[in-house]
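To keep things clear, I will list the structure first and then write my remarks on it.
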Amino acid sequence: MPHDDLPDADPLVLARHDGPVAVLELNRPEKRNAISLAMVRELDRCIATLPDDVKAVVLAARGEHFSAGLDLSEIPEMSAAQGVHHSHAWYQVFERLQFGRVPVVAVLQGAVVGGGLELAACAHVRVAESSAYFGLPEGQRGIFLGGGGSVRVSKLIGFSRVTEMMLTGHVYDADEAFRIGLTHYTVAPGEGLAKALALAQRIAGNAPMSNFAIMRALPLIAEQPMSHGLMTESLIAAISQSEPEAKERVEAFLAKRAAKVQRS
Ligand code: 1HE
19 MPHDDLPDAD
29 PLVLARHDGP
39 VAVLELNRPE
49 KRNAISLAMV
59 RELDRCIATL
69 PDDVKAVVLA
79 ARGEHFSAGL
89 DLSEIPEMSA
99 AQGVHHSHAW
109 YQVFERLQFG
119 RVPVVAVLQG
129 AVVGGGLELA
139 ACAHVRVAES
149 SAYFGLPEGQ
159 RGIFLGGGGS
169 VRVSKLIGFS
179 RVTEMMLTGH
189 VYDADEAFRI
199 GLTHYTVAPG
209 EGLAKALALA
219 QRIAGNAPMS
229 NFAIMRALPL
239 IAEQPMSHGL
249 MTESLIAAIS
259 QSEPEAKERV
269 EAFLAKRAAK
279 VQRS
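Each residue of the sequence shown is one higher than the last, beginning at 19 in this note's numbering.
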């Protein structure tokens, strides 16, 4: 019987709640956090049931690897139609992650490959430990991206790099991934979670309307022609700055009660 069907199996996603930051951890290290449909559904449930006071999420994974991607043991049993539905189940949860209520900071270590990279690409901030490596081995397995990576990973690093990764099996290490814009921070082994929690706390302290605009309007604007993008920007800017919280925050700065911008 597959691991996921065991009635007393460990949860495939561990969820905990630390003030305004929730931590969701993939919890299948013995299978290198290979993403089964059951894990996708569990992740969906965790995101859909985040308490209202959660303002940011850290997405991490137990063990030495973030994720080995799609659970390949599910492939042989799938018909073409089931494959399409399978992809759409992933799309639903990944959509919820990227365009949900709260920003997501991912902690990446070891293998971040295939569907694991597709999942990481949904996060708003990516922190990589120096052990992280990034690949798209679909070509070698005779399959294709099916968790939105053709779109999301291509938007991050360009479709030319995605093409080359998939054709040749090119694996980027953590430093290279940082250089090409796949990640935002590289930290020493074991330091990813602390860094992600610190970033998530900062994010949780932003005005909610600003976070909403960053998560929802920026990707929309990126896909609009310039004239539409500028109009969308002006509207969301006007709405954000009209919020009472925005006025209070600006007044606090002018009254020298708010923190100045500081070097990291
Ligand atoms: C798995 C999977 C998996 C490991 N599905 N079971 N992804 C891949 O092609 C990556 C495949 N995995 C690997 O290359 C390696 O496992 C790793 C480099 C990630 C890690 O190596 P290692 O030596 O630490 O672990 P291992 O011994 O290879 O794996 C441990 C166990 O996890 C083993 O099972 P066991 O029963 O023999 O202990 C592996 O079979 C199992 N395992 N990875 C199922 N992916 C929406 S479309 C997305 C398309 C894709 O994601 S394609 C990329 C698939």
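By construction, the Cβ of each residue, glycine as well, lies at the ideal position given by its N, Cα and C atoms.
Go ahead and label residue i buried or exposed: buried means 16 or more other beta carbons lie within 10 angstroms of its beta carbon, across all protein chains shown.
i: V76; result: buried
i: D89; result: buried
i: A276; result: exposed
i: E241; result: exposed
i: H103; result: exposed
i: M19; result: Low local confidence applies: a pLDDT of 31 at M19 is under 50, so the model's placement there is unreliable, with the coordinate-based value given in what follows. M19 comes out exposed.
i: H142; result: buried
i: L24; result: Here the model assigns L24 a pLDDT of 46, short of 50, so the residue's position is not dependable, and the following value carries that caveat. Per the 10 Å Cβ criterion, exposed.
i: F152; result: buried
Identify whether residue i lies in helix, strand or coil by the three-state DSSP scheme.
i: E92; result: helix
i: A231; result: helix
i: S245; result: helix
i: G199; result: coil
i: G153; result: strand
i: L163; result: coil
i: E147; result: strand
i: S282; result: coil
i: E113; result: helix
i: N67; result: Sequence inspection shows Thr at residue 67; the Asn mentioned does not correspond to that position. Here T67 sits in coil by DSSP.
i: V268; result: helix
i: R179; result: helix
i: V72; result: coil
i: S85; result: strand
i: D193; result: helix
i: R275; result: coil
i: E43; result: strand
Determine the contact status of residue i and residue j, defining contact as a CB-CB distance below 7 Å.
i: D222; j: A74; result: Correcting the residue identity first, residue 222 is Ala in this sequence and not Asp. Yes, the pair counts as a contact, with Cβ atoms nearer than the cut-off.
i: G165; j: F84; result: no
i: E269; j: M227; result: no
i: L61; j: V31; result: yes
i: L200; j: I175; result: yes
i: A235; j: I257; result: no
i: A86; j: A52; result: yes
i: L211; j: V123; result: no
Using 8 Å for Cβ pairs, my map puts residue i next to residue j. What's the rounded Cβ distance?
i: V111; j: V58; result: 5 Å
Using 8 Å as the Cβ pair cut-off and three pairs as the minimum, do the stretch 143-155 and the stretch 202-210 touch?
yes
Is the stretch 165-179 in contact with the stretch 120-138, if contact means three or more CB pairs nearer than 8 Å?
yes
Please confirm if the stretch 175-189 is in contact with the stretch 28-43, defined as three or more CB-CB distances below 8 Å between the two stretches.
no
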